[in-house]
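Protein chains: 2
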Amino acid sequence: MSTIAVDAMGGDHAPGPEVEGAIAAVRERLADVVLVGDEPRLRELVAKHGGLRPGLTIRHATQVITMEDHPSVAAKSKKDSSMRVAFDLAKKGEVKAVVSAGNSGAFMACALFVMKRAVGVDRPAVITTFPSRGGVCALLDMGLNVDCRPQTLAQFAVLGAVFARLRHKKDKPRVGLLSNGEESSKGTDLTRGAHKLLSAAVEKDFEYVGYVEGRDIFSGAIDVVVTDGFTGNIVLKTAEGVGQFVFDVMRQEVTATRLGKLGASLLRGAFTRLKKRVDYAEEGGAPLVGVDGVAVLCHGSSNAKAIKNAIRVAAQLVDAQLPSAVVQSVARHTALWPNDVGSASQGS
Amino acid sequence: MSTIAVDAMGGDHAPGPEVEGAIAAVRERLADVVLVGDEPRLRELVAKHGGLRPGLTIRHATQVITMEDHPSVAAKSKKDSSMRVAFDLAKKGEVKAVVSAGNSGAFMACALFVMKRAVGVDRPAVITTFPSRGGVCALLDMGLNVDCRPQTLAQFAVLGAVFARLRHKKDKPRVGLLSNGEESSKGTDLTRGAHKLLSAAVEKDFEYVGYVEGRDIFSGAIDVVVTDGFTGNIVLKTAEGVGQFVFDVMRQEVTATRLGKLGASLLRGAFTRLKKRVDYAEEGGAPLVGVDGVAVLCHGSSNAKAIKNAIRVAAQLVDAQLPSAVVQSVARHTALWPNDVGSASQGS
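Protein chains in written order, with our numbering: chain D, 1 to 348; chain P, 1001 to 1348.
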């Protein structure tokens, strides 16, 4: 079984959810876990939940990277922070992957600084999984790649396709480029450039379907949606906002009348299944794809279930050998980003 | 009462919804309506719904601008199309506003070509109204302003604020700039430039609250969200996609069991109220703000209710004298887009 380091101090409610999620993961034999953080505090919390057990260990770290810390500065200077130590354990080979609900910028910076980019990758990307009619849809980038070039988006298509193959078992993923309309005349200079690159490619282990719109994420017709990190973040936050809004209004309207409350009690099972099908915590984490290792980023407000599921995702990506699959696929698709050799030094 | 031209041939299901919506609007005395399009066909449809009545007239137009037509070419060359004739009626003063569910690019092109920009306006913008916890939130641009400059977004803030004051009765609208995080270090070169312009302004009839995230659209804390047309379109389509997805899954889960069906029957009233509160057709149309006239764009698949409500919005904006309010507010805020005099000739 793979051993996975969990940054136990990073999330908004840390270390409670991290400890409970790790214990659940070990209990369900998803992975062995090293909890990284303030040892006395972690020991006390673990004791409350039955104590250490085979497969669960604690690794002390004296510092914490907070949400206010400057990402790259903290990643380099807070050498004994729980997040940085978790990545160092991966680098040393003591663990196979890192899971963290901490500062997302510092997470990217640690991954780039400690794990380094995978060979041939320009900009690693964070992939979020959305529920869809067909099951799931992977969207990237949700990370810090705000200013992208067409070549960057073309490579995101390859990274997303690798992920969809390994994680979502799609043999030949259908990949779309997010735009403001399906006609190729739509889009920005960036999307039109990427569209040209992706359309020209021939030997591909994914199917490029062209421009897709925001609603296609949920249609089930697309497996991977590619966009820059700015737009990706706005899509994610908008989707969360709409989902939460619809549930809030539903709760208000349903509980407004006595008949409604009775109806709702009969619908408890249906509502639970609905919640489960649209709940982002079910997937648990968003992997950073394109670094030389496995690193899964969780929502800052992750609960224990989200942490546990993120550990599951990390273990699965370790088993599937994500980093070497990325290197192989990127090498096969260099024709997609012509005249771009040696550009991997840009970005941060 | 204001007279409003309805492009009866533009929508996906035209002219049925246009005719029914117009008849409903006249019946409810929201406005007088001129239906523009194929007269024999419109006459036949109107007859089915009780015939012409005071306040409802038909104006023949021999051509139709389709969704496949090139926007600016069609706007200029199809001089006897229902859409172009509707705008010409507004220009001649025979009607006070135009409502259309047709080709959105051609709609913008007709408005710019026939009505022209309002004095001082660089790029007119399409405003969509989202439901929110606080009531509503206006988002712009949802139109064709894909490549924006910081000055463009700064002016969108002014246009959005005018709209929120006139249509949503917000005395001092809270205006946010859509970004991938609230910290001012986030964003792109475009948003950082616009943020700087908006932050520096002093005399304002709106409150600039800084960066906002996708979920803030629905929080009720913000009245106007400003973004470029590319991102705005993706927000709209994502929100529609999530809403539709949640309702579809809910229907599936609720009807999966006999108990669920019983519960759902008790909840019929609550579901209807929920649907009404999150239904985009309730607002009906998205006004193009910044042209010298009132023009309201409807979703291509608009039903009769959406058309009727769009007529209501148009009539209200006519009464509120939107175009002159825009000119006055833009003149008051020229300090927000420095060194930008005479730039109105750009774009199309």
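Ideal placement from N, C-alpha and C gives every residue a C-beta, glycine not left out.
For P:V1162, not one C-beta of chain D is nearer than 8 Å to its own C-beta. In this structure, P:D1141 lies near P:V1126, with their beta-carbon atoms less than 8 Å apart. Note that the region 194-205 of chain D does not touch the region 1176-1185 of chain P; fewer than 3 beta-carbon pairs, one per stretch, sit closer than 8 Å. Check the Cα spacing between D:F206 and each of D:R165, D:S185, D:L42, D:G241: the tightest is with D:R165. In this structure, DSSP gives D:I23 a helical state, which the three-state scheme calls helix. In the DSSP secondary-structure assignment, D:F271 is not bridged to any residue. Beyond the five residues adjoining it in sequence on each side, P:E1039 comes within less than 7 Å, by CB distance, of I1058, H1060 in the same chain, given in chain order.
Around the CB of P:M1001, fewer than 16 other CB atoms lie within 10 Å, so the residue is classed as exposed. Counting the other CB atoms within 10 Å of its CB gives P:Q1321 a total below 16, which places it among the exposed residues.
With contacts defined by Cβ atoms closer than 8 Å, D:L236 and D:T129 do not form a contacting pair. Its chain contains no residue whose beta carbon lies nearer than 7 Å to that of D:Q252 once the 5 sequence neighbours on both sides are disregarded. Taking 9 Å as the cut-off between beta carbons, the residues of the region 1145-1179 of chain P near chain D are V1146, D1147, L1178, S1179, in sequence order. Cα atoms of P:R1174 and D:S82: separation of roughly 39 Å, rounded to the nearest angstrom.
With contacts defined by Cβ atoms closer than 8 Å, P:V1146 and D:T188 form a contacting pair. Under the three-pair Cβ rule at 8 Å, the region 106-122 of chain D counts as touching the region 87-98 of chain D. About 15 Å separates the beta carbons of P:G1241 and D:R277, which is beyond the 8 Å limit, so they are not a contact pair. Straight across, the Cα-Cα distance linking P:L1259 with D:V254 is about 16 Å. Taking 8 Å as the CB threshold, P:V1225 stays off the interface with chain D. Between D:G120 and D:N303, the alpha-carbon positions lie close to 35 Å from each other.
When secondary structure is reduced to three states using DSSP, P:P1323 falls in the helix class.
The shortest C-alpha to C-alpha distance from P:A1101 to any of P:Q1316, P:P1287, P:H1333, P:A1335 is the one to P:P1287. Identification of residues in the region 1208-1232 of chain P having a C-beta nearer than 9 Å to some C-beta of chain D yields E1213, G1214, R1215, D1216, I1217, F1218, S1219, T1227, D1228, G1229, F1230, T1231, G1232, given in sequence order.
Residue range 1135-1140 is occupied by the beta strand (DSSP E) that includes P:C1137, with no alpha helix (DSSP H) assigned at that position. D:V95 is not a Cβ neighbour of D:A25, given a cutoff of 8 Å.
Boundaries of the alpha helix (DSSP H) harbouring D:D88: 82-91, taken from the DSSP string. Contact holds between the region 3-19 of chain D and the region 28-47 of chain D, because three or more Cβ pairs, one in each stretch, are under 8 Å apart. Within chain D, V249 have C-beta atoms less than 7 Å from the C-beta of P:R1277, given in sequence order. Remark: C-beta atoms of P:G1037 and P:G1300 do not approach each other more closely than 8 Å. In chain order, V136 place their CB closer than 6 Å to the CB of D:H168, counting only its own chain and leaving out the 5 sequence neighbours on each side.
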